[in-house]
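Novice: Using numbering that gives the first Met the number 0, read the sequence shown as starting at 0 and increasing by one per residue.
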Amino acid sequence: MNLQQQKLMQHLPLGQFVSRWTLLQHGFSSHALDNYLKSGVLKSLVRGIYMRQESKLSWQGAVASLPSMLENTVAVGGMTALELQGFAQNLSFANQRKIHIYSSEYCPVRVKVIFKAIEGVELCWHRTSRLWEKHSQDALFLSEHQWQDGVAPMLVSAPEQAILELLMTLPEEISFDHVEQLMQGLTQLSPRKLDVLLKNCKSVKVKRLFFLFADHLNYPWRKKLDVNHYSLGSGKRVIAKEGKLDTRYQITVPKSFVGE
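1) Could you check the C-alpha separation between Ser202 and Ser28 for me, to the nearest Å?
2) What residues in its chain sit with their C-beta under 7 Å from that of Gly14, if we drop five residues either side in the sequence?
3) Cα-Cα, which of Gly85, Tyr105, Arg221 is closest to Ser156?
4) Are the segment 159–170 and the segment 29–37 in contact at 8 Å, needing three or more beta carbon pairs?
5) Using only the alpha-carbon positions, how far apart do Met68 and Val17 sit?
6) Could you give the distance in angstroms between the alpha-carbon of Arg19 and the alpha-carbon of Ile162?
7) In the DSSP assignment, find the unbroken beta strand (DSSP E) run with Trp124 in it and report its ends.
8) Determine the DSSP secondary structure at Phe293, reduced to helix, strand or coil.
9) So, with DSSP's three-state summary, where would you put His25?
10) Note down, in chain order, each residue of its chain lying with its Cβ closer than 6 Å to the Cβ of His125, except the 5 sequence neighbours on either side.
11) Mind checking Pro219: buried by the 16 CB within 10 Å criterion, or exposed?
12) Please classify Lys201: does DSSP put it in a helix, a strand, or coil?
13) Going by DSSP in three states, Val108 sits in which element: helix, strand or coil?
14) Using the three-state DSSP reduction, which class does Ser174 fall into: helix, strand or coil?
15) Near Pro190, what residues of its chain come up, given a Cβ to Cβ distance below 8 Å and the 5 sequence neighbours on each side ignored?
16) Buried or exposed for Asp260, going by 16 or more other Cβ atoms inside 10 Å?
17) Once you ignore the five residues that flank Gly242 on each side, which residues in its own chain have a CB closer than 6 Å to its CB?
18) If we call anything under 8 Å between Cβ atoms a contact, is Leu154 one with Val75?
19) Excluding the 5 residues flanking Ser79 on each side, which residues of the same chain have their C-beta closer than 6 Å to its C-beta?
20) Quick check: the Cα distance between Leu196 and Leu41, rounded to an integer number of angstroms?
21) What are the residues that DSSP puts in a beta bridge with His144?
22) Could you give the distance in angstroms between the alpha-carbon of His228 and the alpha-carbon of Leu181?
23) Using the Cβ count rule (16 or more neighbours within 10 Å means buried), how would you classify Lys198?
24) Where His10 and Cys106 are concerned, what is the direct C-alpha to C-alpha distance, given to the nearest angstrom?
25) Between Gln183 and Ala63, what straight-line distance do the alpha-carbon atoms span, to the nearest angstrom?
26) Check whether the Cβ of Tyr105 sits closer than 7 Å to any heavy atom of the ligand ADP, and report yes or no.
Here is the structure:
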């Protein structure tokens, strides 16, 4: 293996992919890249996206590859983040695993095509602008998940951020009972992190639902969050049809979640 190929291996770890543009930026010539494709050193996933020939495509490798491809923060969040951190291990899921990814960017068509080639997973892309005033890249809310030795880690939402991301999808993608099951495991959430996230959250629905569940479970961390410090908007919101109005948070939810 010559020095140029060694350099290529450094920029393209096993299991990950990279864009042609990125490799050109790192000093590889178009002629050299074309030769690597012809000789079988590289393989093309979609136009302009390459992997090493011996690499196997996985959703973890795809997620780890996305920040450099998009030049933006891309993180696993919501349900998938909670699963990876052990908060959903005892719950049953469908055979087709949904991979929830969060970014301020729109999902490129090439990324959708790549994920369709990964067996057993379904890509669920969420734009963070719907949830946050500004998408934080602070390590306080994102951690690195080392899915394989010697490769770039995936970014994963901390549990405090992941549960708020998850609430955004209720009830369209997840039920009230399912959320309650998940939150029963979140006994050690950080009030400091939650305070920052709730102040940065621009979804009235998410904030009201969060306090509804937090009150329902009554964990010690709930006592350190003063609901009056967060903007919960005004007016009534219907979250569950044929439910009952919770007068504390002015949301219609299943009757079993309405406080006395």
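C-beta atoms are modelled at their ideal positions from N, C-alpha and C, and glycine is treated no differently.
Specialist: So, from the listed chains and residues:
1) 47 Å
2) Ser54, Lys55, Ser57, Gly60, Gln147, Val150
3) Gly85
4) no
5) 6 Å
6) 36 Å
7) 120–126
8) What the structure shows of the chain is the stretch from 0 to 259, and residue 293 is not part of that stretch, so it cannot be assessed.
9) coil
10) Tyr101
11) exposed
12) coil
13) helix
14) coil
15) Trp220, Lys223, Leu224
16) The requested residue 260 is not part of the displayed model; the chain covers only 0 to 259.
17) Thr251, Val252, Pro253
18) yes
19) The sequence shown places Thr at residue 79, not Ser. The residues are Ile98, His99.
20) 42 Å
21) Met153
22) 25 Å
23) exposed
24) 23 Å
25) 30 Å
26) The model depicted lacks the ligand ADP and carries no ligand whatsoever.
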